[in-house]
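One structure is given below, encoded as structure tokens.
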Ligand code: ATR
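Numbering (the numbering used here), first residue to last: 27 to 347.
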């Protein structure tokens, strides 16, 4: 498996990791625990060592799941989790973001307990708290590093200025943000800032939340259901936008079929080809899709194919959120 080092930490991770959110929440029914643990173990056997969770995924259940799956095996993997967004424990509704030093510390302690480990390899601020100075949040994260509770720190969905300010307090190892053929807004300021500072980019939703895999053929395939965040809240998955965006995926499928690749592989090859500082964490609940995704490492794109793919984003309808 192709490995890349995370930022200046030197932590090597598989270029393709596993985004674990969908195992517990947001993309339909959660997986049965035994099936999810099996998938996590199979992922390691296939060479994946980078697993990404967050305290909000399944309101702690996703971290507990990874804790069960990787008990006694922490040295085989790089575990990333995140804190900040707050949810109402009874309804699950999002009620704000808390990046205060007290929240940094208490969230970390709770994540360590749920995971059943003594150290988080990569600890991210999941969303920037508009009411806390980033220097204060990162100052406390730096203390967790000194204490050995966290090995490296990251930010998620932060702008270029915030990354610079954070990095001045403590080295930021990774920025996690959405990045795909359909979501390239970070290329203007954020990605160049990451390159300048030696911060790795961890690209989430590299498959456009499934859309870029070609799995949806017609308007009737639109995800539905109260427990599917795409159906409920994703502009790109709403009627009208969805059909337009599916049409754009045809170009991805065409390139894939010419190369005897899968559309998902083209989407991931595009992300990984953006530079050595980029790794990605597609999410899947299925072993067969996981194997397909790993096949992206054998799929390389020509400049001409990249140019075709680069022209798609402008035509996407619907904001990222
Ligand atoms: P996120 O980072 O938010 O998880 P993503 O990686 O862009 O988003 O896409 C995840 C979605 O793509 C999931 O709905 C996943 O569905 P399964 O659990 O059914 O696999 C889907 N997906 C991932 N790999 C896929 C593949 N190779 N073919 C089809 N769908 C795939």
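A virtual CB, placed ideally from N, CA and C, is assigned to each residue, including glycine.
(message) Using 7 Å as the threshold, is the C-beta distance between residue 335 and residue 207 below it?
(response) yes
(message) For residue 239, which residues in the same chain have their Cβ closer than 6 Å to its Cβ, ignoring the five residues on either side in sequence?
(response) 233, 289, 290
(request) Might you give, ordered along the chain, the residues of its own chain that have their beta carbon closer than 8 Å to the beta carbon of residue 44, omitting 5 neighbours on each side? (result) 66, 69, 74, 76, 77, 78, 307, 308, 309, 310, 316
(message) Going by DSSP in three states, residue 247 sits in which element: helix, strand or coil?
(response) helix
(request) Determine the direct distance from the alpha carbon of residue 255 to that of residue 331, and round the result to whole angstroms. (result) 31 Å
(message) I need the boundaries of the alpha helix (DSSP H) containing residue 14, first residue and last residue.
(response) The requested residue 14 is not part of the displayed model; the chain covers only 27 to 347.
(request) Could you tell me whether any non-hydrogen atom of the ligand ATR is closer than 6 Å to the CB of residue 45? (result) yes
(request) Go ahead and label residue 304 buried or exposed: buried means 16 or more other beta carbons lie within 10 angstroms of its beta carbon, across all protein chains shown. (result) buried
(message) Considering Cα atoms alone, identify which of 33, 246, 257 is closest to residue 147.
(response) 33
(message) Counting only C-beta atoms, is residue 141 closer than 7 Å to chain D at any point?
(response) Going by chain labels, chain D is absent from the structure shown, which holds only one protein chain.
(request) Using beta-carbon positions only, say whether residue 297 and residue 229 come within less than 7 Å of one another. (result) yes
(request) Report, in whole angstroms, the separation of the C-beta atoms of residue 121 and residue 161, which I expect to be a contact under 8 Å. (result) That belief does not hold up - the Cβ atoms of residue 121 and residue 161 are roughly 25 Å apart, past 8 Å.
(request) Please go through the region 242-312 and give each complete beta strand (DSSP E) segment of 3 or more residues, from N-terminal end onward. (result) 304-306
(request) Name the one or two DSSP bridge partners that residue 108 has. (result) 150
(request) Output the distance between the C-alpha atoms of residue 116 and residue 57, rounded to the nearest integer angstrom. (result) 21 Å
(request) Answer yes or no: the CB of residue 233 versus the heavy atoms of the ligand ATR, is any distance below 6 Å? (result) yes
(message) Please tell me whether residue 95 and residue 123 are closer than 7 Å, where the distance is taken between their beta carbons.
(response) no
(request) Specify whether the region 203-220 and the region 157-175 touch according to this definition: at least 3 beta carbon pairs, one from each stretch, less than 8 Å apart. (result) no
(request) Identify the continuous beta strand (DSSP E) that holds residue 38 and give its terminal residues. (result) 37-40
(message) Rounded to the nearest angstrom, what separates residue 18 and residue 119 at their Cα positions?
(response) No answer is possible for residue 18: it lies beyond the span of the chain, which begins at 27 and ends at 347.
(message) What does the alpha-carbon distance come out to for the pair residue 108 and residue 341?
(response) 32 Å
(message) Any heavy atom of the ligand ATR closer than 6 Å to the beta-carbon of residue 321?
(response) no
(request) Select from 87, 99, 272 the residue whose C-alpha is nearest the C-alpha of residue 137. (result) 87
(request) Could you name the residues of the same chain whose beta carbon sits closer than 7 Å to that of residue 52, not counting the 5 residues immediately before and after it, in chain order? (result) 255
(request) Taking residue 153 as the reference, give the member of 222, 180, 145, 325 with the closest Cα. (result) 180
(message) For a test of the three-state rule: what should DSSP assign to residue 95, helix, strand or coil?
(response) helix
(message) Looking only at its chain, what residues have a beta carbon closer than 6 Å to the beta carbon of residue 28, apart from the 5 residues adjacent to it on each side?
(response) 41, 323
(request) Taking only heavy atoms of the ligand ATR into account, decide whether any of them is closer than 6 Å to the Cβ of residue 241. (result) yes
(message) If contacts are defined as beta-carbon pairs under 8 Å, then residue 251 and residue 257 qualify, I think. What distance do you get, rounded to the angstrom?
(response) 6 Å
(request) Compare the C-alpha of residue 267 against each of 284, 82, 345 and name the closest. (result) 345
(message) Measuring only the C-alpha atoms, how far is residue 199 from residue 302?
(response) 14 Å
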